[in-house]
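J.:
Number of protein chains: 2
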Amino acid sequence: MDTAMCSLCKRREAFFFRPYSGEKLCRKCFARSIENKVRATIAKYGMLEYNDRIAVAVSGGKDSLSLLHILGKIEEDYPKASIVAVSVDEGIEGYRDEALKIAAENCEKLSIEHHVISFKEIYGYTLDEIVKRLKTRGKSDLTPCAYCGVLRRKALNIIARKVNADKLATAHTLDDETQTILLNILHGDILRIAREKPKTDESHPKLVRRIKPFCEIPEKETTLYAYVKKIRFQDKPCPYSSEALRNDIRVFLNRMEQKHSGVKFTIFNSAERIRQALKESSEKEALKECLECGEPTTQEICKACQMLHELES
Amino acid sequence: MDTAMCSLCKRREAFFFRPYSGEKLCRKCFARSIENKVRATIAKYGMLEYNDRIAVAVSGGKDSLSLLHILGKIEEDYPKASIVAVSVDEGIEGYRDEALKIAAENCEKLSIEHHVISFKEIYGYTLDEIVKRLKTRGKSDLTPCAYCGVLRRKALNIIARKVNADKLATAHTLDDETQTILLNILHGDILRIAREKPKTDESHPKLVRRIKPFCEIPEKETTLYAYVKKIRFQDKPCPYSSEALRNDIRVFLNRMEQKHSGVKFTIFNSAERIRQALKESSEKEALKECLECGEPTTQEICKACQMLHELES
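For the protein sequence lines, the chains are A and B, in the order given.
Under the working numbering, the final residue of the first sequence carries the number 316; numbering is consecutive throughout.
Under the working numbering, the final residue of the second sequence carries the number 316; numbering is consecutive throughout.
#1: Do you know how far the Cα of Ala-60 (chain B) is from the Cα of Ile-184 (chain B)?
#2: Within 10 Å of its beta-carbon, does Asn-250 (chain B) have 16 or more other beta-carbons around it, so buried, or fewer, so exposed?
#3: Within the chosen definition, does the stretch 151 to 158 of chain B reach the stretch 189 to 196 of chain B through at least 3 CB pairs nearer than 8 Å?
#4: When every heavy atom of the ligand PLP is checked, does at least one fall within less than 7 Å of the C-beta of Glu-52 (chain B)?
#5: CA-CA distance, Pro-240 (chain A) and Ser-316 (chain B)?
#6: What's the C-alpha gap between Gly-49 (chain A) and Tyr-23 (chain B)?
#7: Given 8 Å as the limit, is there contact between the stretch 272 to 282 of chain A and the stretch 225 to 242 of chain A, that is, 3 or more CB pairs closer than that?
#8: Could you round the C-beta distance between Leu-159 (chain A) and Asn-109 (chain A) to whole angstroms and report it? I think they count as a contact, below 8 Å.
#9: Consult DSSP for Arg-212 (chain A) and reduce its assignment to one of helix, strand or coil.
#10: Does the distance from the C-beta atom of Glu-313 (chain B) to that of Cys-305 (chain B) stay below 8 Å?
#11: Measuring straight from C-alpha to C-alpha, what distance separates Thr-146 (chain B) and Asp-144 (chain A)?
#12: Comparing the C-beta of Met-8 (chain A) with each C-beta of chain B, is any distance below 8 Å?
#13: Against chain B, does Thr-269 (chain A) count as a neighbour if the rule is that its beta carbon must be under 8 Å from one of theirs?
#14: Kindly indicate the opening and closing residues of the alpha helix (DSSP H) around Val-41 (chain A).
#15: Could you list which residues in chain B have their beta carbon closer than 9 Å to that of Asp-251 (chain A), in chain order?
#16: Cβ of Glu-222 (chain B) within 8 Å of Cβ of Arg-212 (chain B)?
#17: Can you give me the Cβ contacts of Phe-18 (chain A) inside the same chain, cut-off strictly under 8 Å, excluding the 5 residues immediately before and after it?
#18: Within the same chain, show all residues whose beta-carbon is closer than 7 Å to that of Tyr-98 (chain A), passing over the 5 residues directly before and after it, in chain order.
#19: When the cut-off is 8 Å and only beta carbons count, does Ala-149 (chain A) lie next to chain B?
#20: I'd like the ranges of any alpha helix (DSSP H) spanning at least 4 consecutive residues and lying wholly in the stretch 80 to 166 of chain B.
#21: Of all Cβ atoms in chain B, is any one closer than 8 Å to the Cβ of Ala-280 (chain A)?
#22: Within the same chain, show all residues whose beta-carbon is closer than 6 Å to that of Glu-288 (chain B), passing over the 5 residues directly before and after it, in chain order.
#23: Is the stretch 168 to 177 of chain B in contact with the stretch 112 to 126 of chain B, if contact means three or more CB pairs nearer than 8 Å?
#24: Per DSSP, which residues does Phe-20 (chain A) bridge with? Please list them.
#25: Give the secondary structure of Asn-270 (chain B) by DSSP, where H, G and I count as helix, E and B as strand, and everything else as coil.
#26: Taking Cβ-Cβ distances below 9 Å as the criterion, which residues of the stretch 159 to 186 of chain B are in contact with chain A?
#27: Could you compute how far the alpha carbon of Gly-64 (chain A) sits from the alpha carbon of Thr-181 (chain B)?
#28: Give the C-beta separation of Lys-40 (chain A) and Ile-220 (chain A) to the nearest angstrom, bearing in mind that I take them to be a contact with Cβ-Cβ under 8 Å.
#29: At which residues does the beta strand (DSSP E) containing Lys-65 (chain B) begin and terminate?
#30: Give the range of the beta strand (DSSP E) segment to which Leu-171 (chain B) is assigned.
Take a look at the structure:
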């Protein structure tokens with residue numbers, strides 16, 4: 004291939020081709036384009052107020068650290084806003100401990116305060132202990148991912164509330180979002196499409212509103228951003244990773260995107276329209292507080308407490 | 004494998020295992036189960052009235068001939084109902100001519116009248132001629148399938164109206180429907196999900212209402228029905244067949260169904276719920292009559308007339 008010039012600055016050599024826009028970009032313009040896209044996404048969905056305290060969910064992986072870097076940069080323009088990193092220590096030896104160290108390093112470098120909450124302190128078990136329990140009891144109908152997903156979500160909300168955050172930002176990318184959309188259709192879980200939007204509704208005073216500033220950026224590009232910015236991140240996969248169906252969907256979508264570039268954006272937009280229709284047609288589920296832990300839930304006992312009972316029974 | 008007994012009659016040897024229900028079925032009970040499923044689907048969606056004149060769209064392939072056999076059987080129970088087969092001759096040498104002969108044979112055997120309408124008589128061109136024209140003019144942005152789909156749809160409506168049909172039954176299976184649902188999501192064509200339901204709305208006096216009595220039956224089983232009933236059908240693929248994206252989706256869905264049996268039903272039900280939400284939230288597009296041919300359309304000039312102009316320009 005000939006070395007091509009950057010379509011934006013027209014001065015530096017391009018290193019990345021963006022198939023769905025036709026742009027060829029140099030490192031500098033690429034990084035700026037990602038930052039601008041995040042600003043545009045925040046504006047489009049009204050994700051942030053000028054004086055928000057923003058908790059960024061940081062796992063130590065490439066996406067969440069890229070997000071922390073970008074939101075840290077954006078926050079500098081808003082003197083009344085503040086930013087804080089929050090992490091969940093599920094208790095996965097040889098994996099999360101390493102990731103948390105990397106997360107802490109990044110926070111220090113960026114001078115962003117960092118708070119960690121652990122499964123052990125709020126649930127009494129590490130994920131390692133939960134998995135061991137599941138195995139010895141032969142209760143294997145739910146995967147570790149199913150447990151971890153529910154428990155992590157609750158933990159993130161608790162830590163975000165503890166640090167007085169107005170918004171909880173997660174690094175879900177366009178890929179995560181489109182996979183989840185198809186997953187929900189394949190599971191018949193249509194209401195979840197309505198619920199999982201780029202900025203969640205204000206539904207309960209104890210539920211911190213979640214925002215996804217990367218929801219319109221392909222994972223390939225959030226990863227590339229981390230490389231370009233020389234961000235140190237953990238790239239080991241989780242030892243319990245077992246989402247077989249999601250993985251099949253990921254492979255399918257990547258294949259589709261390769262053949263028909265832009266198809267992930269189209270799916271994302273389709274879901275936006277389905278969401279709109281569902282919103283207009285359906286009643287919202289009212290949130291109450293879990294009778295056991297007091298956290299917001301649609302049921303009497305929240306899913307996390309139910310799972311822990313199941314484990315102990 | 005041990006030879007197993009049929010789960011229904013418990014007398015004859017099973018020859019088919021239905022993964023999503025766990026049933027093992029003999030030939031006789033299998034065929035009856037398909038016929039019963041068609042009756043149940045017709046009842047569920049209120050597809051037919053006791054005195055309907057039903058046009059069955061027959062291509063000469065396995066699905067449409069299975070449907071003709073089953074609807075012919077059901078119609079016998081309704082003295083005021085009548086049934087007629089309609090076919091479209093697109094003009095594909097060595098393919099459709101053969102299929103139409105087979106369709107005619109089946110109709111004769113079943114004593115069902117058979118009407119054929121051709122692209123040549125209503126549009127002035129056979130599909131072969133259209134494809135040749137597209138090639139020589141280098142107008143290859145649309146595939147033959149894209150042309151054929153639009154023109155066939157219009158032709159079917161014209162012939163159904165000509166034979167005074169109240170309903171036009173097509174043999175779209177669960178597989179066709181779930182492929183179309185994903186295709187529409189990947190194309191961002193959400194309104195089409197709302198429109199393409201098991202029984203279309205009464206939207207214009209010149210548009211015959213379409214019904215899909217096979218919409219909840221996997222293609223595997225409509226095919227098997229044709230074999231069990233020793234129905235003669237054409238099984239050559241169309242020489243112009245080129246729906247690459249649909250084919251990728253088909254492969255993906257079959258893979259998913261193999262791993263998670265019943266997933267196609269779940270997708271179908273997801274679409275029903277999306278449809279419901281869209282119906283409640285959105286205004287219906289009003290149908291007018293095409294300024295050129297007088298057929299119902301949402302635009303000034305119908306898509307078929309637009310395509311023919313494009314071809315002649």
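Quick reminder that beta carbons are idealized off the backbone N, C-alpha and C, glycines included.
T.: To lay it out plainly:
#1: Ala-60 (chain B) has its alpha-carbon roughly 21 Å from the corresponding atom of Ile-184 (chain B).
#2: Its Cβ having fewer than 16 others within 10 Å, Asn-250 (chain B) is exposed.
#3: The stretch 189 to 196 of chain B and the stretch 151 to 158 of chain B do not touch, with fewer than three beta-carbon pairs separated by less than 8 Å.
#4: For the structure depicted, the ligand PLP is absent and the ligand set is empty, with no information on it obtainable.
#5: Rounded to whole angstroms, Pro-240 (chain A) to Ser-316 (chain B) spans 57 Å at the Cα level.
#6: Rounded to the nearest angstrom, the two C-alpha atoms are 44 Å apart.
#7: With a cut-off of 8 Å, the stretch 225 to 242 of chain A and the stretch 272 to 282 of chain A do not count as touching, because too few Cβ pairs lie within range.
#8: With 8 Å as the limit, Leu-159 (chain A) and Asn-109 (chain A) do not qualify as a contact, their Cβ atoms being about 18 Å apart.
#9: Reduced to three states, the DSSP call for Arg-212 (chain A) is strand.
#10: No; because the gap between Cβ atoms is not below 8 Å, this pair is not in contact.
#11: Straight-line Cα distance between these residues: approximately 47 Å.
#12: Not one beta carbon of chain B lies nearer than 8 Å to the beta carbon of Met-8 (chain A).
#13: In terms of beta-carbon proximity, Thr-269 (chain A) lines the interface with chain B, with at least one pair separated by less than 8 Å.
#14: Per DSSP, Val-41 (chain A) belongs to the alpha helix (DSSP H) from 30 to 47.
#15: Chain order gives the chain B residues near Asp-251 (chain A) as Phe-255, Arg-258, Met-259, Lys-262, where near means a beta carbon separation below 9 Å.
#16: Contact flag unset, no.
#17: Within the same chain, Cβ atoms closer than 8 Å to the Cβ of Phe-18 (chain A) are found at Leu-28, Cys-29, Arg-30, Phe-33, the five residues on either side in sequence being excluded.
#18: Same-chain partners within the cutoff: Lys-239, Cys-241, Pro-242.
#19: By this cut-off, Ala-149 (chain A) is not an interface position.
#20: As far as the stretch 80 to 166 of chain B is concerned, its whole alpha helix (DSSP H) runs of at least 4 residues are 99 to 113, 122 to 126, 130 to 140, 147 to 165.
#21: Yes, contact with chain B.
#22: Closer than 6 Å at Cβ, skipping near neighbours: Thr-301.
#23: When C-beta atoms of the stretch 168 to 177 of chain B are compared with those of the stretch 112 to 126 of chain B, fewer than three pairs fall below 8 Å, so the two segments do not count as touching.
#24: According to DSSP, Phe-20 (chain A) shares a beta bridge with A:Lys-27.
#25: Just to set this straight, residue 270 (chain B) is Ile in the shown sequence, not Asn. Of the three classes helix, strand and coil, the one that applies to Ile-270 (chain B) here is helix, per DSSP.
#26: Cβ contacts with chain A: Ile-184, Leu-185.
#27: So the alpha carbons of these two residues sit roughly 36 Å apart.
#28: Contact between Lys-40 (chain A) and Ile-220 (chain A) is confirmed by a C-beta separation of about 6 Å, below the 8 Å threshold.
#29: Note, Lys-65 (chain B): premise wrong, no beta strand (DSSP E); alpha helix (DSSP H) at 65 to 78.
#30: Its beta strand (DSSP E) spans residues 170 to 172.
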